[in-house]
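S.K.: One structure, as structure tokens, below. Some questions next.
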Amino acid sequence: MRTELIIQANESDAVIALLKDGRLTELVQEDAKQQFSVGDVYLGQVRKLAPSLNAAFVDVGYEKDAFLHYHDLGPQISSWQSFNKKVHLGKQPANIADFAMEPLIEKDGAMENLLKQGDQILVQVVKEPISTKGPRVTSEISIAGRFIVLVPFTSRISISQKIRERKEKERLRKLVQSIRPDGFGVIVRTVAQGVSTEELTADLADLMSKWKTLHRNLRNAKPRKCVLREMDRASAYLRDVFNDSFDQIVVDDESLHQEIKEYVESIAPERADIVKHHSSAVPVFQHFGVDRQLKSAFGRTVNMGKGTYLIIEHTEAMHVIDVNSGNRSSKGDSQEDNALAVNLMAAEEIGRQLRLRDMGGIICIDFIDLHKGEHRKELYEKMKEVMEGDRARHKILPPSKFGIVEITRQRVRPARRLETKEENPDNLVEAPITMIDALEQKFDQIVAKMREKKDKGTIFLHVHPFIHAYLTNGFWWKARYKQWSRLYGHPLKVVERDAFKMLEYRFADDQNKKLG
Numbered sequence: 004m005r006t007e008l009i010i011q012a013n014e015s016d017a018v019i020a021l022l023k024d025g026r027l028t029e030l031v032q033e034d035a036k037q038q039f040s041v042g043d044v045y046l047g048q049v050r051k052l053a054p055s056l057n058a059a060f061v062d063v064g065y066e067k068d069a070f071l072h073y074h075d076l077g078p079q080i081s082s083w084q085s086f087n088k089k090v091h092l093g094k095q096p097a098n099i100a101d102f103a104m105e106p107l108i109e110k111d112g113a114m115e116n117l118l119k120q121g122d123q124i125l126v127q128v129v130k131e132p133i134s135t136k137g138p139r140v141t142s143e144i145s146i147a148g149r150f151i152v153l154v155p156f157t158s159r160i161s162i163s164q165k166i167r168e169r170k171e172k173e174r175l176r177k178l179v180q181s182i183r184p185d186g187f188g189v190i191v192r193t194v195a196q197g198v199s200t201e202e203l204t205a206d207l208a209d210l211m212s213k214w215k216t217l218h219r220n221l222r223n224a225k226p227r228k229c230v231l232r233e234m235d236r237a238s239a240y241l242r243d244v245f246n247d248s249f250d251q252i253v254v255d256d257e258s259l260h261q262e263i264k265e266y267v268e269s270i271a272p273e274r275a276d277i278v279k280h281h282s283s284a285v286p287v288f289q290h291f292g293v294d295r296q297l298k299s300a301f302g303r304t305v306n307m308g309k310g311t312y313l314i315i316e317h318t319e320a321m322h323v324i325d326v327n328s329g330n331r332s333s334k335g336d337s338q339e340d341n342a343l344a345v346n347l348m349a350a351e352e353i354g355r356q357l358r359l360r361d362m363g364g365i366i367c368i369d370f371i372d373l374h375k376g377e378h379r380k381e382l383y384e385k386m387k388e389v390m391e392g393d394r395a396r397h398k399i400l401p402p403s404k405f406g407i408v409e410i411t412r413q414r415v416r417p418a419r420r421l422e423t424k425e426e427n428p429d430n431l432v433e434a435p436i437t438m439i440d441a442l443e444q445k446f447d448q449i450v451a452k453m454r455e456k457k458d459k460g461t462i463f464l465h466v467h468p469f470i471h472a473y474l475t476n477g478f479w480w481k482a483r484y485k486q487w488s489r490l491y492g493h494p495l496k497v498v499e500r501d502a503f504k505m506l507e508y509r510f511a512d513d514q515n516k517k518l519g
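Every number in our numbering is 3 more than the matching position in the sequence shown, counting from 1.
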């Protein structure tokens, strides 16, 4: 199976698409304005206690206070609080080998017995702000690397349950035990399977460097201060998914391409040549067919072929998916066999949709009724199989007698939604003509700036395919384009963008950087 990572970046965000044999499997978006990301560590201040919830609301600088439940404090919270105070007083080095550990807290104690309003507390974001809720945080701080996760104030070594070979588990346990620094526990990730001592040691050294950064920032930190920021989402995603199966990584931004190339060189020098820069005027997502797949995959209705389709609805409480057979029927097949075939096909697409849209919380799937117990079991096994590759924690319940399958999936950020509806061109007959005035004004401003910089490069105008056809084939192209070229002396190239809305446009230079 051919695996490709396609990255489209601009000034405001970076979007990563994971393709398997050309089919869109996962989508990750990094918003440059995103303030709170999973993994960030903050010095927070307790704003108020909520005894009825056995929780505290912590001010970390977001408009809504972060939610901290008693069970998210972690058993070593007293040691963390002691560490925090000693670091502020300058009495605690980054080395915690000789740190005097405090007693573990009760498993089901009361929050008011440990914290009070105004207390400072070190917390880590485990769930980004969603809807009207602030971030959810934990006091059980951990630092994630490519192969291992570092956990301060414990000596426990845990191996991923997905590593099933007993010999490999024992090898990793002994290896980690030999390099683990005193005062720290280690969680070995699934991707560590088969890695060498040198690779694990390098990963641990990088995590210890981050720990020292946290310690240094904490010394003079005031409440609401971020003392350790997780790498951006694009880099974190690459860290988590990159392996030997990747055939190529294509990036359309030169600086980001260089960053990713350097990162790959640092972890797998022999694979650095798979990182490529996309310099064509045709957008990278359009070149690889990602834009077209996004439009078909993110609508309310998702077609699966042969008349079958899914209906996906999002509510505040849960996500609901309805499986429909449409007009599909096979000669010689019974109604039961046909229902099973459609359900198995739907299970494949649903597994893909959950990852693509990053749907979390409760997901309720209404499959077509199956009357035979062995068929319901086959559907259940299929659903578990397609969800095996999902990195988010999840639980699947067997189909009920009504054909309902319930799934809970880890939700750490808002579900991804894209607007896929196209405006009706029949209602916008005058729109392209009106749009020309706005384009001309924008073009005037851009050319004036380029003249000041003595830049005579080509200007690219990115527009919806309908507008592209109007501009390049209509009267405007023959008249106004020649007039522009004569007046300003700047070449102009119009590029069609499948992902753009009808009246959306963007001026860019030959490096695809926004102009104006």
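We put the CB at the ideal spot given by N, CA and C, even for glycine.
On a predicted model such as this, the values are computed, not experimentally measured, just so you know.
#1: Using the C-alpha atoms, what's the distance from G406 back to Y383?
#2: Measuring CB to CB, does K517 end up less than 8 angstroms from F463?
#3: For D361, tell me which candidate among T28, R5, M4 and N13 has the shortest Cα-Cα distance.
#4: Per DSSP, which one or two residues make a beta bridge with V498?
#5: To the nearest whole angstrom, what separates the beta carbons of H281 and D255, a pair I think is in contact under 8 angstroms?
#6: Do the segment 226-240 and the segment 36-53 make contact, defined as three or more Cβ pairs closer than 8 angstroms?
#7: What are the boundary residues of the beta strand (DSSP E) that includes G308?
#8: Would you call L343 buried or exposed, if buried means 16 or more other Cβ atoms sit within 10 Å of its Cβ?
#9: As an exercise, report each continuous beta strand (DSSP E) stretch of at least 3 residues that is fully enclosed by the segment 199-263, in chain order.
#10: Is I449 near F510, with beta carbons less than 8 angstroms apart?
#11: In whole angstroms, what is the alpha-carbon distance linking T193 and L506?
#12: Figure out for me which residue from V189, M114, T141 and R303 has the closest Cα to the Cα of T318.
#13: Over the uninterrupted alpha helix (DSSP H) stretch that includes F288, give me the two end residues.
#14: How should Q127 be labelled, buried or exposed, when 16 other C-beta atoms within 10 angstroms of its C-beta is the threshold for buried?
#15: What does a CB cutoff of less than 8 angstroms around T6 pick up in its chain, not counting 5 residues either side in sequence?
#16: Based on the DSSP output, what are the partners of I26 in its beta bridges?
#17: Can you find the residues in the same chain that come closer than 7 angstroms, C-beta to C-beta, to D62, ignoring five residues on each side of it along the sequence?
#18: If I follow the unbroken alpha helix (DSSP H) through R360, where does it start and stop?
#19: Where DSSP assigns a beta bridge to I410, which residues make up the other side?
#20: Throw me the rounded Cβ distance for the G364 and R396 pair, which I believe falls under 8 angstroms.
#21: Excluding five sequence neighbours on each side, which residues of the same chain lie with their C-beta closer than 7 angstroms to the C-beta of D206?
#22: Can you give me the C-alpha to C-alpha distance between H290 and D276, rounded to a whole angstrom?
#23: Considering only C-alpha positions, which residue in the set E265, Q120, D340 and R139 is nearest to V129?
#24: Where do the ends of the alpha helix (DSSP H) carrying R183 lie?
#25: Answer yes if the segment 72-88 comes into contact with the segment 97-109, meaning at least three C-beta pairs across the two stretches below 8 angstroms, and no otherwise.
#26: Check this for me: beta carbons of K387 and I399, under 8 angstroms apart or not?
#27: May I have the straight-line CA-CA distance separating I166 from K459, to the nearest angstrom?
#28: My output table needs one value for I80: the three-state DSSP class, helix, strand or coil.
#29: Quick one: Cα of E66 to Cα of L373, how far?
#30: Classify E433 as helix, strand or coil using the three-state DSSP reduction.
#31: For the segment 57-135, which segments carrying the alpha helix (DSSP H) assignment without a break, of at least 4 residues, lie completely within its bounds, in sequence order?
#32: Is the beta carbon of E143 closer than 8 angstroms to that of D75?
#33: So which of V244, K213 and H218 has the shortest CA-CA distance to E233?
#34: Return the CA-CA distance between I371 and R500, expressed in angstroms with no decimal places.
#35: To the nearest angstrom, report how far apart L52 and F60 are at their CA atoms.
#36: For E425, which three-state DSSP category applies?
M.R.: The short version:
#1: Residue numbering aside, residue 383 sits at position 380 when the sequence shown is read from its first letter. Residue numbering aside, residue 406 sits at position 403 when the sequence shown is read from its first letter. Those two C-alpha atoms are separated by around 10 angstroms.
#2: Residue mapping note: residue 517 aligns to position 514 of the sequence shown, counting from 1. Residue mapping note: residue 463 aligns to position 460 of the sequence shown, counting from 1. Not in contact: K517 and F463 (Cβ atoms no closer than 8 angstroms).
#3: To locate residue 361, count along the sequence shown from 1; it is residue 358. Closest in alpha carbon position to D361, among T28, R5, M4 and N13, is T28.
#4: Here the question's residue 498 lines up with position 495 in the sequence shown. In the DSSP output, where bridge partners are listed per residue, V498 has H465.
#5: As a working note, residue 281 is residue 278 in the sequence shown. As a working note, residue 255 is residue 252 in the sequence shown. Indeed, because the Cβ distance is near 4 angstroms, the residues count as touching under 8 angstroms.
#6: Here the segment 226-240 makes contact with the segment 36-53; the two share three or more CB pairs at distances below 8 angstroms.
#7: What you label residue 308 is simply residue 305 of the sequence shown in a count that begins at 1. Taken as a continuous stretch (DSSP letters only), the beta strand (DSSP E) holding G308 covers T304 to G308.
#8: On the sequence shown, position 340 is the one that residue 343 refers to. With 16 or more Cβ atoms within 10 Å of its Cβ, L343 is classed as buried.
#9: Counting only runs of 3 or more residues that sit fully inside the segment 199-263, the beta strand (DSSP E) segments are 228-231 and 249-254, in chain order.
#10: Walking along the sequence shown from the start, residue 449 turns up at place 446. Walking along the sequence shown from the start, residue 510 turns up at place 507. In contact: I449 and F510 (Cβ atoms closer than 8 angstroms).
#11: Against the sequence shown, residue 193 aligns to sequence position 190. Against the sequence shown, residue 506 aligns to sequence position 503. When rounded, the distance between both Cα atoms is 46 angstroms.
#12: Counted from its first residue, the sequence shown places residue 318 at position 315. Measuring from the Cα of T318, the nearest candidate turns out to be R303.
#13: The sequence position of residue 288 within the sequence shown is 285, counting from 1. Per DSSP, F288 is one residue of the alpha helix (DSSP H) stretching across V287 to H290.
#14: The count along the sequence shown starts at 1 and reaches residue 127 at position 124. Q127 should be labelled buried.
#15: Looking up residue 6 in the sequence shown gives position 3. Scanning its chain for C-beta atoms nearer than 8 angstroms, with the 5 sequence neighbours on each side dropped, one finds around T6 the residues L21, L22, K23, S248, F249 and D250, in chain order.
#16: Looking up residue 26 in the sequence shown gives position 23. According to the sequence shown, residue 26 is Arg rather than Ile. For R26, the pairing in a beta bridge is given by DSSP as K23.
#17: What you label residue 62 is simply residue 59 of the sequence shown in a count that begins at 1. Cβ contact annotation for D62 (same chain, cutoff 7 angstroms, sequence separation greater than five): G47, Q48, R50, D68, P226 and R227, in chain order.
#18: Here residue 360 is taken as the residue at index 357 of the sequence shown, counted from 1. Per DSSP, R360 belongs to the alpha helix (DSSP H) from Q338 to R360.
#19: As a first step, residue 410 must be located in the sequence shown, where it is residue number 407. DSSP lists I366 and I399 as partners of I410.
#20: Translated into positions along the sequence shown, residue 364 becomes position 361. Translated into positions along the sequence shown, residue 396 becomes position 393. By a beta-carbon distance limit of 8 angstroms, G364 does not contact R396. Their separation comes to about 12 angstroms.
#21: The residue given as residue 206 occupies position 203 in the sequence shown. Only G148, R149, F150 and I151 meet the Cβ criterion.
#22: Within the sequence shown, numbered from 1, the residue matching residue 290 stands at position 287. Within the sequence shown, numbered from 1, the residue matching residue 276 stands at position 273. About 20 angstroms.
#23: Position 126 of the sequence shown holds residue 129. Nearest of E265, Q120, D340 and R139 to V129, Cα basis: R139.
#24: The sequence position of residue 183 within the sequence shown is 180, counting from 1. For R183, there is no enclosing alpha helix (DSSP H), as DSSP marks it with neither H nor E.
#25: Yes, since at least three Cβ pairs between the segment 97-109 and the segment 72-88 fall closer than 8 angstroms, the two stretches touch.
#26: Here the question's residue 387 lines up with position 384 in the sequence shown. Here the question's residue 399 lines up with position 396 in the sequence shown. Contact flag set, yes.
#27: Within the sequence shown, residue 166 is the residue found at index 163, counting from 1. Within the sequence shown, residue 459 is the residue found at index 456, counting from 1. Looking at the two C-alpha atoms, the distance is approximately 57 angstroms.
#28: Counting from 1 along the sequence shown, the entry for residue 80 is found at position 77. Looking at I80 - three-state DSSP - the assignment turns out to be helix.
#29: Here residue 66 refers to the residue found at position 63 when the sequence shown is read from its first residue. Here residue 373 refers to the residue found at position 370 when the sequence shown is read from its first residue. Their backbone Cα atoms lie some 48 angstroms apart in a straight line.
#30: Numbered from its first residue, the sequence shown carries residue 433 at position 430. With a pLDDT of 48 at E433, under the threshold of 50, the modelled position of this residue cannot be trusted; read the value that follows with caution. DSSP, reduced to helix, strand and coil, places E433 outside both helices and strands of the structure shown, so it counts as coil.
#31: The segment 57-135 contains these whole alpha helix (DSSP H) runs: 80-91.
#32: Numbered from 1 along the sequence shown, position 72 holds the residue referred to as residue 75. Numbered from 1 along the sequence shown, position 140 holds the residue referred to as residue 143. A contact, by the Cβ cut-off of 8 angstroms.
#33: The residue you call residue 233 lines up with position 230 of the sequence shown. It is K213 whose Cα lies nearest to the Cα of E233.
#34: For this step, residue 371 is matched to residue 368 along the sequence shown. For this step, residue 500 is matched to residue 497 along the sequence shown. Approximately 38 angstroms between the Cα atoms of the pair.
#35: Here the question's residue 52 lines up with position 49 in the sequence shown. Here the question's residue 60 lines up with position 57 in the sequence shown. The C-alpha of F60 is placed about 6 angstroms away from the C-alpha of L52.
#36: By one-based count along the sequence shown, residue 425 stands at place 422. In this prediction, E425 has a pLDDT of 46, which is less than 50 and means its spatial position is unreliable; what the coordinates show is noted afterwards. Coil, per DSSP.
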